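Have a look at the structure below, then the notes.
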Amino acid sequence: MPDTEHDRNDILKLHKDWWEANAGLDIPRMKSVFPSGMSYLMFNLNGHPYFGIDEKTRLWEWYQEQLDIQMPDIRIMRLTISGDMAWLACEGVFPLRLIGQSGTGSQTWKVGEAGEAAYDPFRLRATELYQRDDGTGQPIWKMWHFHCSPLPPANEPRPCFGDTAQERGLGWIPDGQPERVVGV
Numbered sequence: 312m313p314d315t316e317h318d319r320n321d322i323l324k325l326h327k328d329w330w331e332a333n334a335g336l337d338i339p340r341m342k343s344v345f346p347s348g349m350s351y352l353m354f355n356l357n358g359h360p361y362f363g364i365d366e367k368t369r370l371w372e373w374y375q376e377q378l379d380i381q382m383p384d385i386r387i388m389r390l391t392i393s394g395d396m397a398w399l400a401c402e403g404v405f406p407l408r409l410i411g412q413s414g415t416g417s418q419t420w421k422v423g424e425a426g427e428a429a430y431d432p433f434r435l436r437a438t439e440l441y442q443r444d445d446g447t448g449q450p451i452w453k454m455w456h457f458h459c460s461p462l463p464p465a466n467e468p469r470p471c472f473g474d475t476a477q478e479r480g481l482g483w484i485p486d487g488q489p490e491r492v493v494g495v
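At the far end of the sequence shown sits residue 495, using this note's numbering, and the numbering has no gaps.
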């Protein structure tokens, strides 16, 4: 029977490596998180899907000419492990600035203008799906799916409840404190 605490630590290491690899677009570190071949599926913050580690690598090579990303502040809201599958939900702030004319390459992911010195503290949320399979059938945890989308403005009232993310705090959950492993 798998050791849940060991599984949790393995998944949190992948989560940390993934988000910290985004700072500076560290491709070798990023690649260590995902299964081999075409197993991986990403719904990128730019709104487009990417299939397999080769497409993801090409995207990051392109973004290295377009974006300067600093260390994000990511808070885990929930991590659930069940057998050989796990999912994690988080939200965070992703500081970036455009350095290339194509920027994010997306109409749905808008930040400042290319060449601006200030970093845009872009707010996002993400869901990460993990499987104990490295893409070749070996029982090693890897992230098989990632879905990221923008958060509403920090001062926008939550419909029906009226509270704001600014009041709740990053990664707020009603029954405790969010966990933070990225950038610490």
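Think of the CB as a built atom: it goes at the ideal place given N, C-alpha and C, for glycine as much as any other residue. Given the structure is predicted, the values throughout are model-derived calculations rather than measurements.
Residue i versus residue j - alpha carbon distance
{"i": "Met-382", "j": "Cys-471", "result": "33 Å"}
{"i": "His-456", "j": "Ala-429", "result": "31 Å"}
{"i": "Gln-442", "j": "Asp-395", "result": "6 Å"}
{"i": "Glu-467", "j": "Gly-335", "result": "30 Å"}
{"i": "Val-422", "j": "Leu-481", "result": "20 Å"}
{"i": "Pro-432", "j": "Asp-328", "result": "20 Å"}
{"i": "Ala-476", "j": "Glu-490", "result": "17 Å"}
{"i": "Gly-358", "j": "His-317", "result": "34 Å"}
{"i": "Trp-373", "j": "Gly-411", "result": "10 Å"}
{"i": "Phe-405", "j": "Gly-494", "result": "12 Å"}
{"i": "Trp-330", "j": "Thr-419", "result": "21 Å"}
{"i": "Arg-408", "j": "Gly-426", "result": "8 Å"}
{"i": "Met-353", "j": "Gly-473", "result": "32 Å"}
{"i": "Thr-415", "j": "Ala-332", "result": "17 Å"}
{"i": "Leu-370", "j": "Pro-450", "result": "28 Å"}
{"i": "Asn-320", "j": "Gln-375", "result": "30 Å"}
Option in the options with minimal Cα separation from residue i
{"i": "Gly-363", "options": "Ala-332, Asp-445, Leu-409, Asn-466", "result": "Asp-445"}
{"i": "Pro-463", "options": "Ile-322, Leu-390, Glu-402, Ser-347", "result": "Glu-402"}
{"i": "Gly-448", "options": "Ser-343, Asn-320, Asp-431, Ser-350", "result": "Ser-350"}
{"i": "Ser-347", "options": "Asp-486, Thr-419, Thr-368", "result": "Thr-368"}
{"i": "Pro-339", "options": "Met-353, Glu-376, Asp-365", "result": "Asp-365"}
{"i": "Gly-487", "options": "Asn-320, Arg-408, Arg-386", "result": "Arg-386"}
{"i": "Asp-337", "options": "Tyr-361, Asp-384, Asp-379", "result": "Asp-379"}
{"i": "Arg-413", "options": "Asn-333, Gln-377, Met-388", "result": "In the sequence on display, residue 413 carries Ser and not Arg. Minimum Cα distance to Ser-413 is reached at Gln-377."}
Unbroken alpha helix (DSSP H) run spanning residue i, endpoints
{"i": "Pro-339", "result": "338-342"}
{"i": "Tyr-374", "result": "363-374"}
{"i": "Arg-479", "result": "476-479"}
Beta-carbon contacts of residue i that lie in its chain and below 6 Å, excluding the five residues immediately before and after
{"i": "Glu-478", "result": "none"}
{"i": "Met-454", "result": "Leu-325, Val-344, Phe-345, Glu-439, Tyr-441"}
{"i": "Cys-459", "result": "Leu-356, Leu-435, Ala-437"}
{"i": "Trp-483", "result": "none"}
Endpoints, beta strand (DSSP E) assigned at residue i
{"i": "Trp-330", "result": "That residue, Trp-330, is in no beta strand (DSSP E); its alpha helix (DSSP H) goes 315-333."}
{"i": "Ala-437", "result": "431-443"}
{"i": "Ala-400", "result": "396-409"}
{"i": "Pro-489", "result": "No beta strand (DSSP E) contains Pro-489, which DSSP labels as neither H nor E."}
{"i": "Thr-415", "result": "From DSSP, Thr-415 is part of no beta strand (DSSP E); its letter is neither H nor E."}
Same chain only: Cβ atoms within 8 Å of residue i, ignoring 5 sequence neighbours per side
{"i": "Ile-322", "result": "Leu-390, Ile-392, Ala-397, Leu-399, Tyr-441, Trp-452"}
{"i": "Thr-315", "result": "Ile-392"}
Residue i: CB within 7 Å of a non-hydrogen atom of the ligand FMN
{"i": "Gly-403", "result": "No copy of the ligand FMN occurs in the structure displayed, which carries no ligand at all."}
Contacts around residue i, its chain only, beta-carbon distance under 7 Å, and the 5 residues preceding and following it disregarded
{"i": "Ala-465", "result": "Arg-434, Thr-475, Ala-476, Gln-477"}
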